[in-house]
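*Asks:* All the letters of the sequence shown, read from the start, carry residue numbers 596 to 835 under the numbering used here.
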Amino acid sequence: MSWRSHGKDNASLVEALRGNEILRSASVANAMLLVDRGLYCTKDGGRAYVDAPQAIGAAATISAPHMHAYCLELMRDHLKPGARCLDVGSGSGYLTAIMAHMVDGGGVGGRRGKATGIEHIPELVEESRRNARRDPKTAPLLESGALELLVGDGRLGHAVGGPYDCIHVGAAASEVPAALTEQLAEGGRLVVPVGQEGETQNLCVIDRKGDGSLATEEVMRVVYVPLCSKSHQLDKRRWM
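Structure below.
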């Protein structure tokens, strides 16, 4: 599937995503306007607003803008002020920052939520924190703790911060990670690509019902990098 939602800056990128009807809600569009992708896509800043994945170092990528927009739309009803959310494979910190803006709520009525990003490459976590600190609209969320960027194995989630109203996974799992479904709150949603490395995968939406059961829907075919160990990711021979 190919999209042509390119922009020359962040505002025109968001407008293109809206024009192509990938962005359908004001809440997601407004949050994407608050977080300038160019501040998080620094390896090739000239391509930050191109609707394509970009390398961010350590054999990792930042997803194409249309995929971020599509996933945010799938999660929007679970990214309300006061919600707790987890971004697995947070990479540059871009999507986690958008999620943080959506759940923060400014503390009005005690509704300040929290977005946690977890990433197993320490250098990427440090870079993501630098990205957030130089983002004038996001730095206050990092300072307040409404945005948290941690080193860890995202395949295991981050149980101490749960249960979560929403979990996003930015890499393809070979099967639905049980650790992540266990960390979903009642009514919570997990968005995760499921399938084998190097093959077309299914983007799955998994909801935890009130009785504790899980409902799974396959919403589209995608191709993501694998959700894997740090050593597997950094094996340069695989990327030659």
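Cβ coordinates follow ideal geometry from the N, Cα and C atoms, glycine included.
Provide the residue(s) that pair with SER789 in DSSP beta bridges, ordered along the chain.
*Replies:* Locating residue 789 in the sequence shown gives position 194, where the first residue counts as 1. It is worth fixing the name first, because residue 789 is Val in this sequence and not Ser. Answer by DSSP bridge pairing, in chain order: ALA768, ASN797.
*Asks:* Give the DSSP-derived three-state secondary structure of ALA836 in the structure shown.
*Replies:* A query on residue 836 cannot be resolved here, the shown segment of the chain reaching from 596 to 835 and no further.
*Asks:* What residues in its chain sit with their C-beta under 6 Å from that of GLN828, if we drop five residues either side in the sequence?
*Replies:* For the purposes of this step, residue 828 is taken as the residue at position 233 of the sequence shown. When the five nearest sequence neighbours on each side are left out, the beta carbons in the same chain lying within less than 6 Å of the beta carbon of GLN828 are those of ALA654, in order along the chain.
*Asks:* If we ignore side chains and look at the alpha-carbon of each, how far apart do SER824 and SER658 end up?
*Replies:* Indexing the sequence shown from 1 puts residue 824 at position 229. Indexing the sequence shown from 1 puts residue 658 at position 63. Cα-Cα distance, rounded: 19 Å.
*Asks:* With a Cβ-Cβ cutoff of 8 Å, do ARG767 and VAL789 count as a contact?
*Replies:* Walking along the sequence shown from the start, residue 767 turns up at place 172. Walking along the sequence shown from the start, residue 789 turns up at place 194. Checking the sequence, you will find Ala at residue 767 rather than Arg. Against a cut-off of 8 Å, the Cβ pair of VAL789 and ALA767 comes out as a contact.
*Asks:* If you reduce the DSSP assignment to three classes, tell me which class ILE716 lands in.
*Replies:* Position 121 of the sequence shown, counted from the first residue, corresponds to residue 716. Coil.
*Asks:* Taking its Cβ as the centre, do 16 or more other Cβ atoms sit within 10 Å of LYS603, making it buried, or is it exposed?
*Replies:* On the sequence shown, position 8 is the one that residue 603 refers to. Per the 10 Å Cβ criterion, exposed.
*Asks:* Could you round the C-beta distance between LEU737 and VAL720 to whole angstroms and report it? I think they count as a contact, below 8 Å.
*Replies:* In the sequence shown, residue 737 corresponds to position 142, counting from 1. In the sequence shown, residue 720 corresponds to position 125, counting from 1. Rounded, the Cβ-Cβ distance is 12 Å, inconsistent with contact.
*Asks:* From the DSSP output, read off the bridge partner residues of LYS709.
*Replies:* By 1-based counting over the sequence shown, the position of residue 709 is 114. In the DSSP output, where bridge partners are listed per residue, LYS709 has ARG679.
*Asks:* Just to confirm the assignment, what range does the beta strand (DSSP E) spanning GLU616 have?
*Replies:* Position 21 of the sequence shown, counted from the first residue, corresponds to residue 616. Counting along the chain, GLU616 falls outside any beta strand (DSSP E), and DSSP gives it neither H nor E.
*Asks:* With a Cβ-Cβ cutoff of 8 Å, do GLY688 and TYR644 count as a contact?
*Replies:* Taking the first residue of the sequence shown as 1, we reach residue 688 at position 93. Taking the first residue of the sequence shown as 1, we reach residue 644 at position 49. No, the Cβ-Cβ distance between GLY688 and TYR644 is not below 8 Å.
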